[in-house]
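First up is the structure itself, then whatever we jot down about it.
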Amino acid sequence: MVSLETTVAGIPLSCCVYNASGPRTGNVNALVKIGTSAAGAVLSKSATLRAQDGNPLPRYKELPLGDGCPGSINSEGLPNQGIDYYLEEDVIKLVNETGKPYIVSLSGLSLEDNLTMLQKALNTSGVAAIELNLACPNIPGKPVIAYDFDQMESVLQSVTSHKSFGAKPLGVKLAPYFDIPHFEKVAAILNKYPIKFVVCTNTVGNGLLVDAENEMAIIKPKNGFGGLGGGWIKNIALANVRQFWNLLREDIDIVGVGGVSTGTDAFELILCGAKAVQVGTKHWTEGAVCFDRISSELKDIMKRKGYKSISDFRGKLKPYSKPSVSKAAQAKSSSNVEKSGFMANLHMRLVMDFIVVFFAMFCAILVARERGLL
Numbered sequence: 000m001v002s003l004e005t006t007v008a009g010i011p012l013s014c015c016v017y018n019a020s021g022p023r024t025g026n027v028n029a030l031v032k033i034g035t036s037a038a039g040a041v042l043s044k045s046a047t048l049r050a051q052d053g054n055p056l057p058r059y060k061e062l063p064l065g066d067g068c069p070g071s072i073n074s075e076g077l078p079n080q081g082i083d084y085y086l087e088e089d090v091i092k093l094v095n096e097t098g099k100p101y102i103v104s105l106s107g108l109s110l111e112d113n114l115t116m117l118q119k120a121l122n123t124s125g126v127a128a129i130e131l132n133l134a135c136p137n138i139p140g141k142p143v144i145a146y147d148f149d150q151m152e153s154v155l156q157s158v159t160s161h162k163s164f165g166a167k168p169l170g171v172k173l174a175p176y177f178d179i180p181h182f183e184k185v186a187a188i189l190n191k192y193p194i195k196f197v198v199c200t201n202t203v204g205n206g207l208l209v210d211a212e213n214e215m216a217i218i219k220p221k222n223g224f225g226g227l228g229g230g231w232i233k234n235i236a237l238a239n240v241r242q243f244w245n246l247l248r249e250d251i252d253i254v255g256v257g258g259v260s261t262g263t264d265a266f267e268l269i270l271c272g273a274k275a276v277q278v279g280t281k282h283w284t285e286g287a288v289c290f291d292r293i294s295s296e297l298k299d300i301m302k303r304k305g306y307k308s309i310s311d312f313r314g315k316l317k318p319y320s321k322p323s324v325s326k327a328a329q330a331k332s333s334s335n336v337e338k339s340g341f342m343a344n345l346h347m348r349l350v351m352d353f354i355v356v357f358f359a360m361f362c363a364i365l366v367a368r369e370r371g372l373l
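Numbering follows numbering that gives the first Met the number 0, with no gaps: position 214 of the sequence shown is 213.
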C-alpha cells in the first residue's frame, strides 16, 4: 500500500501535499475547504499585526503555460484579516475539526510586529506550528529580509531568543536564491539557529508583464512590478530545495513550493529533498480539489515505480547518466518480446500446417489421376 504520510518539524501529516500561504487562505471557510480535502495540513494567510486591504486591483494575473502550471504575477500587498482573526478560537476550532494540523504564517511589517505576533501564536492552543515569512519586504528602505543577510541574522537572533520560543515549532519561508555563495551564506546562518523547517521558495521578485496590445503593464500596483510564481519558478524551486538539502542540518526539514500542478511536480520536489510540498498558483486556479488530484497522481507514480513511502525516494536525485529503462518499460518490453515470440511461433505453425495440407492434396490428385478418376 502506498502512503503519502510525512512529518514536518515533527508534526505528522497524513499527506505530504498541502497549501501555500496566499491564494484561498484569507478566511475560515477557505481554510476549512483545504482541511476537508486530501491536503495534509492547513496553512493560514500570511498575517500582519493589523488587518489590511492590500494593494489596488488588479494585482494578480496568470498566464497559461501549455499543460503545466500557469505562470503568475502578483503584487498583493499582503491583504489579510490580521493575526487576531487567524488565532480566533472559533477559526482554530473549525480548522482543527478537519483533523489537519493548523500552521500560522506571519509576515509583520517590522521586527517588533513579528515578535508581537509570535508571542500571540506561541501562546495559542490549536496552532501546530509557525511559518515566519522572510521573503516579503518588512522594513521600508531595506531589502527583503531573506536577501539582507545581516538583517536575517538579526531577525533570527531576536526570534529564537524570545522568552516563549520553543513552545511550538518554527520554520521560515525563504526567497529564491541563484548564486552558490548565497546558498552557502544562508545555510550557514540558518544552521546556527534552532529552526525546524524552511520553505523554498517564494516568488521571484520584481517581474514585469506587459500587455503589448494596450501598451501597458498587466497589473496596477508598483508600476506593474510584482512577484513571478507558478510555472515560471518550478525549476528555481527544484534548485533551491536541492541546494538546501545538501547544505542544511539534517534536522531542518525542507518544504518545496513553486509551480506544482501535478503529481510529477510533487514527485520531483520530493526527489530533490522536500519532505512536503505546497501548492499556490494551482490552488488558486483549481480550488481545494487540486490537493485530491495531485496526491492521487503522486500515488500512481509511486505505485508504478514500486515505492511504498516518500522516504523511499526523498532526496535521492541521481547525477546524470545515460537514462536506463524503467522497471515498467522493462516489463512492457519483456511482455512485447514474449508476445512477439508467440506470434512468430504461431506464424511458423500455420505455414507448416499449410504446407502439409497442400502436399496431402497434391498427392491425392496424383493418385486420382493414376486411377483414372480425373
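All C-beta atoms, glycine included, are put in the ideal place defined by N, C-alpha and C.
Here the structure is a predicted model, which is why all the values come from computation and not from measurement.
What does a CB cutoff of less than 8 Å around residue 167 pick up in its chain, not counting 5 residues either side in sequence?
Taking the sequence shown and counting its residues from 1, the one referred to as residue 167 is at position 168. Counting only Cβ-Cβ distances below 8 Å, and skipping sequence neighbours, we find 120, 121, 126, 127, 128 and 129.
Going by beta carbon distance, what residues of the same chain come within less than 8 Å of residue 48, once the five residues before and after it are set aside?
Start at 1 with the first residue of the sequence shown, and residue 48 comes out as number 49. The answer, listed in chain order, is 81, 82, 107, 108, 112, 115 and 116.
Look at the Cβ atom of residue 71, then the Cβ atom of residue 61, and state whether they are nearer than 8 Å.
Numbered from 1 along the sequence shown, position 72 holds the residue referred to as residue 71. Numbered from 1 along the sequence shown, position 62 holds the residue referred to as residue 61. Yes, Cβ-Cβ distance for residue 71 and residue 61 is below 8 Å.
For residue 275, name the three-state secondary structure that DSSP assigns.
Locating residue 275 in the sequence shown gives position 276, where the first residue counts as 1. Note: residue 275 maps to strand in three-state DSSP.
Identify which residue in 309, 323, 277 and 321 has its Cα closest to the Cα of residue 2.
Position 3 of the sequence shown, counted from the start, is the residue given in the question as residue 2. Of the listed residues, the one whose Cα sits closest to residue 2 is 309.
Quick one: grab the DSSP three-state call for residue 148.
Working through the sequence shown from its first residue, we reach residue 148 at position 149. Residue 148: helix per DSSP, three-state reduction.
Go ahead and pull the three-state DSSP assignment for residue 176.
Start at 1 with the first residue of the sequence shown, and residue 176 comes out as number 177. Three-state DSSP puts residue 176 in coil, outside helix and strand.
Where does residue 19 land, buried or exposed, given buried means 16+ other C-beta within 10 angstroms?
Your numbering for residue 19 matches position 20 in the sequence shown. By the neighbour-count rule (16 or more Cβ atoms within 10 Å), residue 19 is buried.
Do residue 201 and residue 134 have their C-beta atoms closer together than 8 Å?
Residue numbering aside, residue 201 sits at position 202 when the sequence shown is read from its first letter. Residue numbering aside, residue 134 sits at position 135 when the sequence shown is read from its first letter. In this structure, residue 134 lies closer than 8 Å to residue 201 by Cβ.
For residue 176, which residues in the same chain have their Cβ closer than 7 Å to its Cβ, ignoring the five residues on either side in sequence?
For the purposes of this step, residue 176 is taken as the residue at position 177 of the sequence shown. For residue 176, where only same-chain residues beyond five positions count, the Cβ hits under 7 Å are 182, 185 and 239.
Excluding the 5 residues preceding and the 5 following residue 284 in the sequence, name in chain order all residues of the same chain whose CB lies nearer than 7 Å to its CB.
The residue you call residue 284 lines up with position 285 of the sequence shown. The residues are 61 and 69.
Would you tell me roughly how many angstroms separate the C-alpha atoms of residue 34 and residue 102, rounded to the nearest one?
In the sequence shown, the residue the question calls residue 34 occupies position 35. In the sequence shown, the residue the question calls residue 102 occupies position 103. So the alpha carbons of these two residues sit roughly 11 Å apart.
Nearest by alpha-carbon distance to residue 376: which of 263, 348 and 64 is it?
This structure does not reach residue 376, given that the chain is present from 0 up to 373, and the question cannot be answered.
According to DSSP, what are the bridge partners of residue 5?
The residue you call residue 5 lines up with position 6 of the sequence shown. In DSSP, residue 5 forms a bridge with 12.
Inter-residue CB distance, residue 323 and residue 37 (contact presumed, cutoff 8 Å)
By one-based count along the sequence shown, residue 323 stands at place 324. By one-based count along the sequence shown, residue 37 stands at place 38. Residue 323 to residue 37, Cβ: 32 Å. No contact.
Neighbourhood of residue 208 by C-beta, 6 Å cutoff - its chain only, sequence neighbours within 5 removed:
Position 209 of the sequence shown, counted from the start, is the residue given in the question as residue 208. Same-chain partners within the cutoff: 72 and 217.
Nearest by alpha-carbon distance to residue 196: which of 96, 272 and 26 is it?
Taking the first residue of the sequence shown as 1, we reach residue 196 at position 197. The candidate whose alpha carbon is nearest that of residue 196 is 272.
Under the rule that 16 or more other beta-carbon atoms within 10 Å means buried, what is residue 301, buried or exposed?
Looking up residue 301 in the sequence shown gives position 302. Looking at its Cβ environment, which holds 16 or more other Cβ atoms inside 10 Å, residue 301 is buried.
Thinking C-beta only, is residue 227 closer than 8 Å to residue 198?
Indexing the sequence shown from 1 puts residue 198 at position 199. Indexing the sequence shown from 1 puts residue 227 at position 228. It is not a contact, given that the beta carbons lie outside the stated cut-off.
Tell me which residues share the same chain as residue 95 and place their Cβ nearer than 8 Å to its Cβ, disregarding the 5 neighbours each side in the sequence.
On the sequence shown, position 96 is the one that residue 95 refers to. So the list reads 101 and 125, once near-sequence residues are dropped.
So the candidates are 270, 250 and 223; which of them puts its Cα closest to the Cα of residue 237?
Here residue 237 refers to the residue found at position 238 when the sequence shown is read from its first residue. Minimum Cα distance to residue 237 is reached at 270.
Just checking my contact of residue 311 with residue 262 at CB under 8 Å: how many whole Å lie between their CB atoms?
Locating residue 311 in the sequence shown gives position 312, counting from the first residue. Locating residue 262 in the sequence shown gives position 263, counting from the first residue. That belief does not hold up - the Cβ atoms of residue 311 and residue 262 are roughly 15 Å apart, past 8 Å.
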